[in-house]
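Residue numbering for the sequence shown follows the working numbering, starting at 3 and increasing by one per position.
A quick write-up on the structure given underneath.
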Amino acid sequence: MGLGGKYAEELLHRAGVEKGKKVKELDEHEQRMLVDALNEIDAEMRNPRFLIYIRDGEVIPSIIRLRKLEESGYRWVEVQEFNEAIKLSYEYQERMRHFEEARKPIEEEMHRLRKTIAEKEYVIQQISEKAKQLEEKINSLSQNAGVVESIRLTALQGEGSKSYGDVNLVEVNERERKFTVDIRGFALNLALDTSTWRQLGSMYDELKTIRNTINKLQGERSSLLTKLRELEDRLTRIRPDIHAAVQERVSLTVEGGFKRVRRFITSEGLEVVAGKDASSNIALIRRHMNHDDLVFHAEIRGSPVAILKQGLKAGEASIEETAQFTACYSRAWREGLSSATVYYVKTEQVSLSPPPGQFLPKGSFMVYGRRNYLTAELTLAVSIERHERRVRAVTIPKLTAEKLGIRYVEIKPGNLNAAEAAKRIIEFFKLDIPKEVEEKLTNVLASMIPYGRCHVIMKEKNILN
Numbered sequence: 003m004g005l006g007g008k009y010a011e012e013l014l015h016r017a018g019v020e021k022g023k024k025v026k027e028l029d030e031h032e033q034r035m036l037v038d039a040l041n042e043i044d045a046e047m048r049n050p051r052f053l054i055y056i057r058d059g060e061v062i063p064s065i066i067r068l069r070k071l072e073e074s075g076y077r078w079v080e081v082q083e084f085n086e087a088i089k090l091s092y093e094y095q096e097r098m099r100h101f102e103e104a105r106k107p108i109e110e111e112m113h114r115l116r117k118t119i120a121e122k123e124y125v126i127q128q129i130s131e132k133a134k135q136l137e138e139k140i141n142s143l144s145q146n147a148g149v150v151e152s153i154r155l156t157a158l159q160g161e162g163s164k165s166y167g168d169v170n171l172v173e174v175n176e177r178e179r180k181f182t183v184d185i186r187g188f189a190l191n192l193a194l195d196t197s198t199w200r201q202l203g204s205m206y207d208e209l210k211t212i213r214n215t216i217n218k219l220q221g222e223r224s225s226l227l228t229k230l231r232e233l234e235d236r237l238t239r240i241r242p243d244i245h246a247a248v249q250e251r252v253s254l255t256v257e258g259g260f261k262r263v264r265r266f267i268t269s270e271g272l273e274v275v276a277g278k279d280a281s282s283n284i285a286l287i288r289r290h291m292n293h294d295d296l297v298f299h300a301e302i303r304g305s306p307v308a309i310l311k312q313g314l315k316a317g318e319a320s321i322e323e324t325a326q327f328t329a330c331y332s333r334a335w336r337e338g339l340s341s342a343t344v345y346y347v348k349t350e351q352v353s354l355s356p357p358p359g360q361f362l363p364k365g366s367f368m369v370y371g372r373r374n375y376l377t378a379e380l381t382l383a384v385s386i387e388r389h390e391r392r393v394r395a396v397t398i399p400k401l402t403a404e405k406l407g408i409r410y411v412e413i414k415p416g417n418l419n420a421a422e423a424a425k426r427i428i429e430f431f432k433l434d435i436p437k438e439v440e441e442k443l444t445n446v447l448a449s450m451i452p453y454g455r456c457h458v459i460m461k462e463k464n465i466l467n
């Protein structure tokens with residue numbers, strides 16, 4: 003089929019056909035799905051988008067959406083030119099190589115810190131359990147210290163009762179000089195030759211030491227966690243971000259510039275797509291028309307086909323704006339006309355097949371039935387907006403700009419060179435942009451001016467043609 007590996011895999015994915023299946027094993031349904039998917043991909047390739055897919059350091063440039071990769075967790079970004087996509091892919095891979103070299107020692111240190119933190123947490127857990135047991139021992143003994151002392155004294159003399167209420171003498175170990183008492187089921191092993199009060203004081207001292215040790219260990223653990231978070235942040239900062247790379251390199255986003263088709267959004271929020279030549283006109287009719295759209299064309303040879311999406315639901319404003327856009331990019335602009343007649347029809351009235359026995363020239367199409375005519379003034383609005391590191395330039399119908407209330411420069415048919423007009427328009431907007439971005443913006447704006455010439459009108463100042 004002539005498709006490269008990634009596009010061939012995308013074809014199989016969209017068709018739902020297993021990769022290892024032989025052609026002779028395909029049933030009729032699978033063959034039909036392959037043909038449909040191939041036509042879909044072919045249509046997208048005729049109107050290419052310049053995309054970069056990224057996942058785990060892998061970078062894949064593409065001219066169409068790759069659903070297989072998207073469903074596998076790849077992110078994607080769009081750039082202006084395919085050469086830029088290739089260059090960004092290479093630069094990103096280089097950044098990833100340097101990142102891998104810098105990452106290893108950082109991750110080794112992070113592993114060591116995690117291990118040390120785990121060890122600290124284990125020790126804290128063990129000591130905390132010991133402190134809890136000692137605290138219970140102190141509480142039981144302090145509440146019954148007098149009784150326990152009486153038992154200790156009688157045990158020294160080898161006489162006396164073995165039970166004092168809830169406190170019972172369990173055992174006397176003469177060899178180790180220890181005795182054990184039971185206080186409501188809690189056993190205490192105490193020294194026979196040391197007073198109960200002194201032993202209680204020693205227990206308090208031990209508990210204080212243990213608590214100080216726990217506090218120290220918790221402080222050390224907190225410091226280690228801070229260092230670990232700093233390393234994690236450092237790793238995040240040095241990890242290449244393809245989106246950041248695009249922001250650094252692709253500082254200019256232009257709607258309609260250097261694209262196979264022109265687009266704009268009407269004041270009512272509806273999308274308009276227009277061809278640039280006979281080939282893209284036919285491509286629009288073949289692949290972009292839906293049953294609820296309207297199709298526009300100027301009554302002059304050399305007109306773009308414009309499709310108003312969801313046009314059957316459109317108001318008068320969207321229809322007039324689409325007609326103006328169609329007229330401006332028709333040959334009427336080159337002829338220096340001030341207005342042009344534009345008609346629109348339903349999609350069901352448009353056909354790429356000639357009547358029986360007739361021939362349809364390349365790039366032509368048939369329109370059947372009643373046409374709706376409008377007279378459209380040839381005037382466009384050029385607007386430029388700055389958003390952080392992005393500059394957005396558009397050419398839209400003047401009718402649209404007026405309804406949206408945006409700042410714009412008006413252009414009409416004239417004899418001023420497009421490059422010079424673009425420079426003057428950029429000067430008008432007083433953009434604080436680098437020289438290289440201004441040069442790129444000039445080229446893009448010049449490409450958006452119909453037939454490379456115009457007359458520029460800005461508020462109270464005209465730039466003579």
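We put the beta carbon where it would ideally sit given N, CA and C, even for glycine.
ask   = How many angstroms separate the CA atom of Lys315 from the CA atom of Asp294?
value = Counting only the Cα atoms, Asp294 lies some 8 angstroms from Lys315.
task = Could you spell out the range, first to last residue, of the beta strand (DSSP E) harbouring Asp184?
result = 180-185 is the span of the beta strand (DSSP E), which, as asked, contains Asp184.
query = What three-state label does DSSP hand Glu337 in the structure shown?
reply = Coil at Glu337, not helix or strand.
ask   = Do Glu270 and Ala319 come within 9 angstroms of each other at the CB atom, strictly closer than that value?
value = Note that the C-beta distance between Ala319 and Glu270 is below 9 angstroms.
ask   = Taking the Cβ atom as the reference point for each residue, do Ile408 and Ala424 lie within a distance shorter than 9 angstroms?
value = Contact: no.
ask   = In three-state DSSP terms, what is Gly416?
value = The three-state reading of DSSP puts Gly416 in strand, counting E and B together.
query = By how many angstroms is the C-alpha of Val19 removed from the C-alpha of Lys442?
reply = Near 44 angstroms, if we compare the C-alpha coordinates of Val19 and Lys442.
request  = Jot down the residue ranges of each uninterrupted alpha helix (DSSP H) in the region 425-464, minimum 4 residues, whole runs only, in chain order.
outcome  = You should have 437-450.
inquiry  = Just to confirm my understanding: we take Leu136, look at its own chain, exclude 5 residues before and 5 after, and list those with CB closer than 8 angstroms. What are they?
reply    = Within the same chain, Cβ atoms closer than 8 angstroms to the Cβ of Leu136 are found at Met205, Glu208, Leu209, Ile212, the five residues on either side in sequence being excluded.
ask   = With 16 as the cutoff for other CB atoms within 10 Å, does Pro356 come out buried or exposed?
value = With fewer than 16 other beta carbons inside 10 angstroms of its own, Pro356 counts as exposed.
request  = For Tyr370, I'd like the list of residues in its chain whose CB is within less than 6 angstroms of its CB, leaving aside the five on either flank, ordered along the chain.
outcome  = The residues are Gln351.
request  = Give me the Cβ distance between Leu233 and Glu111, rounded to the nearest whole Å; I'm assuming they're in contact under 8 angstroms.
outcome  = About 6 angstroms separates the two Cβ atoms, so the contact holds.
ask   = How big is the Cα-Cα spacing for Ala133 and Asn217?
value = If you draw a straight line from the Cα of Ala133 to the Cα of Asn217, it is about 12 angstroms long.
Runs of beta strand (DSSP E) wholly within the region 266-293 (minimum 3 residues, chain order) = As far as the region 266-293 is concerned, its whole beta strand (DSSP E) runs of at least 3 residues are 273-277.
Helix, strand or coil at Thr228 [DSSP, three-state] = Secondary structure of Thr228 (DSSP, three-state): helix.
ask   = How close, in whole Å, do the beta carbons of Ser152 and Leu202 come, if the pair is a contact with beta carbons under 8 angstroms?
value = Not a contact, Cβ separation roughly 15 angstroms.
ask   = So which of Gln159, Glu103, Glu80 has the shortest CA-CA distance to Tyr55?
value = Taking only the C-alpha atoms, the option nearest Tyr55 is Glu80.
task = Using only alpha-carbon positions, find the residue among Lys432, Leu115, Pro50, Arg455 that is nearest to Arg231.
result = Looking at the Cα atoms, Leu115 is the closest of the given residues.
request  = Apply the 10 Å Cβ neighbour rule to Tyr331 and answer buried if 16 or more other Cβ atoms are within range, or exposed otherwise.
outcome  = When all chains shown are included, Tyr331 counts as buried.
request  = Identify the continuous beta strand (DSSP E) that holds Leu354 and give its terminal residues.
outcome  = Run containing Leu354: none; DSSP gives neither H nor E here.
message = Let me make sure I understand the geometry here. Which of Ile240, Met35, Leu53 has the alpha-carbon closest to that of Arg99?
response = Among Ile240, Met35, Leu53, the Cα nearest to that of Arg99 is on Ile240.
ask   = From Arg154 to Leu227, what does the alpha carbon distance come to, in whole angstroms?
value = Between Arg154 and Leu227, the C-alpha separation is close to 49 angstroms.
message = Whole angstroms are fine: how far does the CA of Lys139 sit from the CA of Gly160?
response = The straight-line gap separating the alpha-carbon atoms of Gly160 and Lys139 is approximately 25 angstroms.
ask   = Which residue or residues does DSSP assign as beta-bridge partners of Trp78?
value = The partner list for Trp78 (beta bridge, DSSP) reads Tyr55.
query = Using DSSP with H/G/I as helix, E/B as strand and the rest coil, what is Asn41?
reply = For Asn41, the three-state secondary structure derived from DSSP is helix.
query = What are the boundary residues of the alpha helix (DSSP H) that includes Ala325?
reply = Taken as a continuous stretch (DSSP letters only), the alpha helix (DSSP H) holding Ala325 covers 318-330.
ask   = Taking Cβ to Cβ, would you say Leu13 is nearer than 9 angstroms to Ala39?
value = Yes, they are a contact pair.
query = With a Cβ-Cβ cutoff of 9 angstroms, do Ala276 and Arg264 count as a contact?
reply = Between Ala276 and Arg264, the gap from beta carbon to beta carbon is short of 9 angstroms.
Residue range of the alpha helix (DSSP H) that includes Val150 = Per DSSP, Val150 is one residue of the alpha helix (DSSP H) stretching across 147-159.
ask   = Straight-line CA distance for Val252 to Ile435?
value = Note that Val252 has pLDDT 44, beneath the 50 cutoff, so the model's placement of it is unreliable and no number is given.
task = Given a cut-off of 9 angstroms, decide if Ile427 and Val458 are closer than it, judged by their beta-carbon atoms.
result = Result yes, Cβ atoms of Val458 and Ile427 sit closer than 9 angstroms.
Residue range of the unbroken alpha helix (DSSP H) whose run includes Arg9 = First, the residue type needs correcting, since residue 9 is Tyr and not Arg in the sequence shown. Start and end: 7-17.
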